[in-house]
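Novice: In numbering that gives the first Met the number 0, the protein residues as written are 0 to 584. Mind looking over this structure? Questions follow.
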Amino acid sequence: MPIRVLDSTLASKIAAGEVVERPASVVKELVENAIDAGATRVTIEVQGGGIESIRVSDDGAGIPVLDLELALERHATSKIGDENDLETISTMGFRGEALPSIASVSRMALTSRARGTEQGAYVRSTGGVLERKGAAGTSEGTSVVVQDLFANVPARRKFLRSPAAESSRIHNAVTQIAIGHPHVRFNLISNGKDTFSSPGSGELRDVLTAVYGQETVQALLKVEGTDKDGRRVSGFASSPSLTRANRSGINFYVNRRWIQSRMLLQAVEEAYRGLLMEGRHPLVVLHIDIPAVEVDVNVHPAKREVRFHHDGAVFSAVQRSVRECLVAHSPVPLVTARPAQPGAAPSGWHSPPAPTWGGQGSFQTWPIPPAGRDSDGTDGSATDTEHEARLPAGETLPALRVLGQAGQTYVIAEGPQGVYLIDQHAAHERVNFEKVLRQVEEKSPEIQGLLEPLAVELLPEQVQTLEEWRDTLHDFGFLGEPFGERAYLIRGVPAGLRNASPDQLLGEVLETLQQAKDTSQALESMAASIACHSSVRAGDTLTHDEMAALLRQLEATRSPHTCPHGRPTMLHLSASNLEREFGRR
Numbered sequence: 000m001p002i003r004v005l006d007s008t009l010a011s012k013i014a015a016g017e018v019v020e021r022p023a024s025v026v027k028e029l030v031e032n033a034i035d036a037g038a039t040r041v042t043i044e045v046q047g048g049g050i051e052s053i054r055v056s057d058d059g060a061g062i063p064v065l066d067l068e069l070a071l072e073r074h075a076t077s078k079i080g081d082e083n084d085l086e087t088i089s090t091m092g093f094r095g096e097a098l099p100s101i102a103s104v105s106r107m108a109l110t111s112r113a114r115g116t117e118q119g120a121y122v123r124s125t126g127g128v129l130e131r132k133g134a135a136g137t138s139e140g141t142s143v144v145v146q147d148l149f150a151n152v153p154a155r156r157k158f159l160r161s162p163a164a165e166s167s168r169i170h171n172a173v174t175q176i177a178i179g180h181p182h183v184r185f186n187l188i189s190n191g192k193d194t195f196s197s198p199g200s201g202e203l204r205d206v207l208t209a210v211y212g213q214e215t216v217q218a219l220l221k222v223e224g225t226d227k228d229g230r231r232v233s234g235f236a237s238s239p240s241l242t243r244a245n246r247s248g249i250n251f252y253v254n255r256r257w258i259q260s261r262m263l264l265q266a267v268e269e270a271y272r273g274l275l276m277e278g279r280h281p282l283v284v285l286h287i288d289i290p291a292v293e294v295d296v297n298v299h300p301a302k303r304e305v306r307f308h309h310d311g312a313v314f315s316a317v318q319r320s321v322r323e324c325l326v327a328h329s330p331v332p333l334v335t336a337r338p339a340q341p342g343a344a345p346s347g348w349h350s351p352p353a354p355t356w357g358g359q360g361s362f363q364t365w366p367i368p369p370a371g372r373d374s375d376g377t378d379g380s381a382t383d384t385e386h387e388a389r390l391p392a393g394e395t396l397p398a399l400r401v402l403g404q405a406g407q408t409y410v411i412a413e414g415p416q417g418v419y420l421i422d423q424h425a426a427h428e429r430v431n432f433e434k435v436l437r438q439v440e441e442k443s444p445e446i447q448g449l450l451e452p453l454a455v456e457l458l459p460e461q462v463q464t465l466e467e468w469r470d471t472l473h474d475f476g477f478l479g480e481p482f483g484e485r486a487y488l489i490r491g492v493p494a495g496l497r498n499a500s501p502d503q504l505l506g507e508v509l510e511t512l513q514q515a516k517d518t519s520q521a522l523e524s525m526a527a528s529i530a531c532h533s534s535v536r537a538g539d540t541l542t543h544d545e546m547a548a549l550l551r552q553l554e555a556t557r558s559p560h561t562c563p564h565g566r567p568t569m570l571h572l573s574a575s576n577l578e579r580e581f582g583r584r
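Listed below in structure tokens is the structure:
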């Protein structure tokens, strides 16, 4: 087939496919244009999932009458002037592709009145071809109406989903943009019904309340951090008790632009390592403010991805900010009774969503109250919310007094403000985990020599892994040497193993090393594995002295509230709740 130049109409439809994937793409581009125009109020009205019609109206700066027709030309924009501007992009859009791309695959009417002028104007087009233009009486700002989307591109239209599904995508797009711009008031109307409104107060928490609900937002922890080069990370992250089954609740905004980034996702997962159960994911909303020259936003047709000039620094800033927040405010599940009446909550309590760990029990997350009397001299009768506000950063466990053991699994202890149930295995895991990591850091592992060396047959990939990590294995307490082509002679293992044979533990550790993404993850995973096999189990009977020693050791750890695998180490039955259940108050 000979080479030929495509006609302009066909080329426009192909180019539009890169920008306009579905109705939600149209809404995103039009709303971002409104934000770039300085709008403080944006109204989005859709019919039939946006397939029938989309109207986006704003109170922004508007388009001058003489520029209105030019706005439909490809690569016509007011946001950049030359190639140097690409290095410091501060607007949501900049390519001049959105309006002509949308116009080429729909019937579009663009009406606008520039701020400070007395007369507005409009232009109408079908399939990108201008049909009418003229004066229009309208308020300051811009209104864009898009109808019959993809009517002239049946190949694209047939792949759209149902109106309900497309409406859901539009809703997600609007809420994502609203979170990025708390100072703008958004109103989404679908088929004549208000489906979303943001207050436009400028407070991120207020927008999150509109998106996720008040109860969920009350369970979020504030993240705030700035590195030495001025990169700022702010937002909210859920406590380990508030999780989801997928990563849809993790959102990143770079200079207020919503983006997708595997690197930032990994940074958040690193921050939560050891705090979440496997298969669960947090709710995180982070704003990352960095100089415009350090980020390239011109790497994706839909501007969903960016490229950082200093990946490592951004990764560290995100990981450190979230981790410090979680360590400072790590909660403990509080056992509570269900309210007497549906939907009612005890006076003075807030009700975060039920956590996902620990099965179907009806407990909520709560920080451990401070030990002793409050700083103001009261007897601790203040509300739990007030206790939470006074809890200093880094507060560990209060002094606990052992009462006994339940089911040969849980240590029962008394402390300030109530009774605590401690999972003996999870608690001992936390103690041993931090002990192992400390020994590795100091290069002083406790080694248990075997009476007789044990020969272990290895798979080829295990042999390679063992050679690559030989020094690390020695730092953890593994002693031995190759014994033939495919065997390894174990002479010593980490001391204190209770629940695994030396060959079983070595195989498990080698598998962990094969799956590790980096050295940090490898060390923590190995330490967690060794700690698990060195800890008391459910069903082990402990003496009073052993239980007391375990609690003292747990109190001394850096993260006493969870085991290395993310399970809680304890539950709290508050004194006020016990009094209420027994009718004493």
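Don't be surprised by glycine CBs; every beta carbon is placed ideally from N, CA and C.
What are the start and end residues of the beta strand (DSSP E) that includes D147?
Specialist: D147 -> no beta strand (DSSP E), and no H or E assigned at all.
Novice: R429 and T568 look like a contact to me (Cβ under 8 Å); what is the Cβ gap, rounded to whole Å?
Specialist: About 6 Å; that satisfies the 8 Å criterion.
Novice: Are V30 and V45 close, meaning C-beta to C-beta below 9 Å?
Specialist: Not closer than 9 Å, so no.
Novice: Quick check on W257 - is its C-beta less than 9 Å from some C-beta in chain C?
Specialist: Reference to chain C is not applicable here, since this structure consists of a single protein chain.
Novice: With N245 as the anchor, note down where its alpha helix (DSSP H) starts and where it stops.
Specialist: Element bounds for N245: n/a, residue is neither H nor E.
Novice: Identify the continuous alpha helix (DSSP H) that holds E310 and give its terminal residues.
Specialist: Rather than Glu, the amino acid found at residue 310 in this sequence is Asp. That run of the alpha helix (DSSP H) goes D310 to A327.
Novice: Can you give me the start and stop residues for the alpha helix (DSSP H) that G212 sits inside?
Specialist: Element bounds for G212: n/a, residue is neither H nor E.
Novice: Can you tell me whether R306 is buried or exposed, with buried defined as 16 or more other CB within 10 angstroms of its CB?
Specialist: When all chains shown are included, R306 counts as exposed.
Novice: Under DSSP, the alpha helix (DSSP H) around G491 begins and ends at which residues?
Specialist: No alpha helix (DSSP H) holds G491; the beta strand (DSSP E) holding it covers A486 to P493.
Novice: Along the chain, where does the beta strand (DSSP E) containing F251 start, and where does it finish?
Specialist: F251 -> beta strand (DSSP E) spans I249 to V253.
Novice: Who pairs with D66 in a beta bridge, going by DSSP?
Specialist: Bridge partners of D66: none, in fact.
Novice: Which two residues bound the contiguous beta strand (DSSP E) that contains D193?
Specialist: Looking at the DSSP string, the run of the beta strand (DSSP E) that includes D193 is K192 to S196.
Novice: Taking the alpha carbon of T542 as the point to measure from, which residue in P415, V401 and L220 has its own alpha carbon closest?
Specialist: Among P415, V401 and L220, the Cα nearest to that of T542 is on V401.
Novice: So who's on the other strand from P481, going by DSSP bridges?
Specialist: Y487.
Novice: Please name the residue, chosen from T471, L203, V64 and A108, that lies closest to R54 on a Cα-to-Cα basis.
Specialist: Taking only the C-alpha atoms, the option nearest R54 is A108.
Novice: Select from E72, M91 and R155 the residue whose C-alpha is nearest the C-alpha of L129.
Specialist: Per the Cα distances, E72.
Novice: For L220, which residues from the same chain have a beta carbon less than 8 Å from its beta carbon, with the 5 sequence-adjacent residues on both sides left out?
Specialist: Here the set comprises F235, A236, S237, S238, C324, L325 and H328.
Novice: If I'm right that S52 touches V144 with Cβ under 8 Å, what's the distance once you round it to whole angstroms?
Specialist: S52 to V144, Cβ: 7 Å. Contact.
Novice: Is the stretch 61–69 in contact with the stretch 207–220, if contact means three or more CB pairs nearer than 8 Å?
Specialist: They do not touch, by the three-pair rule.
Novice: Taking C-alpha atoms, which residue in E304, P22, G191 and P563 lies nearest to A425?
Specialist: Checked all of E304, P22, G191 and P563; the closest Cα to A425 is P563.
Novice: Please state whether DSSP places N498 in a helix, a strand or coil.
Specialist: Coil.
Novice: Between the alpha carbons of V173 and L399, how many angstroms are there, rounded?
Specialist: So the alpha carbons of these two residues sit roughly 49 Å apart.
Novice: Only counting the same chain, and skipping five residues up and downstream in sequence, which positions put a Cβ closer than 7 Å to that of P63?
Specialist: Cβ neighbours of P63 beyond the five flanking positions: A113.
Novice: Roughly how many angstroms separate the alpha carbons of E585 and T408, rounded to a whole number?
Specialist: The displayed coordinates of the chain run from 0 to 584. Any statement about residue 585 would go beyond what the structure contains.
Novice: Taking F581 as part of the alpha helix (DSSP H), name the residues at either end of that continuous run.
Specialist: Looking at the DSSP string, F581 is not in any alpha helix (DSSP H), and its letter there is neither H nor E.
Novice: If we call anything under 9 Å between Cβ atoms a contact, is S519 one with E269?
Specialist: Taking 9 Å as the Cβ cut-off, S519 and E269 qualify as a contacting pair.
Novice: Measuring alpha carbon to alpha carbon, tell me which residue in P181, R131 and S167 is nearest V41.
Specialist: Comparing Cα positions, the closest option is P181.
Novice: Rounded to a whole number of angstroms, what is the C-alpha to C-alpha distance between A36 and E139?
Specialist: One C-alpha to the other measures close to 11 Å.
Novice: Can you tell me the Cα-Cα spacing of R557 and S105, whole angstroms?
Specialist: When rounded, the distance between both Cα atoms is 59 Å.
Novice: With 16 as the cutoff for other CB atoms within 10 Å, does L550 come out buried or exposed?
Specialist: L550 is buried by the Cβ-count criterion.
Novice: Helix or strand or just coil, what does DSSP make of F235?
Specialist: Strand, per DSSP.
Novice: Could you name the residues that DSSP lists as bridge partners for P281?
Specialist: For P281, which the question treats as bridged, DSSP gives the partners T242.
Novice: So, for G495: in the same chain, excluding its five sequence neighbours on each side, which residues have a beta-carbon less than 6 Å away from its beta-carbon?
Specialist: Within the same chain, G495 has close Cβ partners S533.
Novice: Kindly list the residues whose CB is nearer than 6 Å to the CB of D375, restricted to its own chain and excluding five residues on each side of it in sequence; keep chain order.
Specialist: The pLDDT assigned to D375 is 37, lower than 50, so where the model puts this residue is not dependable; a value taken from the coordinates is nonetheless given after this. Hits under 6 Å: none found.
Novice: Return the CA-CA distance between R584 and E413, expressed in angstroms with no decimal places.
Specialist: Straight-line Cα distance between these residues: approximately 20 Å.
Novice: Could you check if S528 is buried or exposed, using at least 16 other CB atoms within 10 Å of its CB as the buried criterion?
Specialist: Buried: at least 16 other Cβ atoms inside 10 Å.
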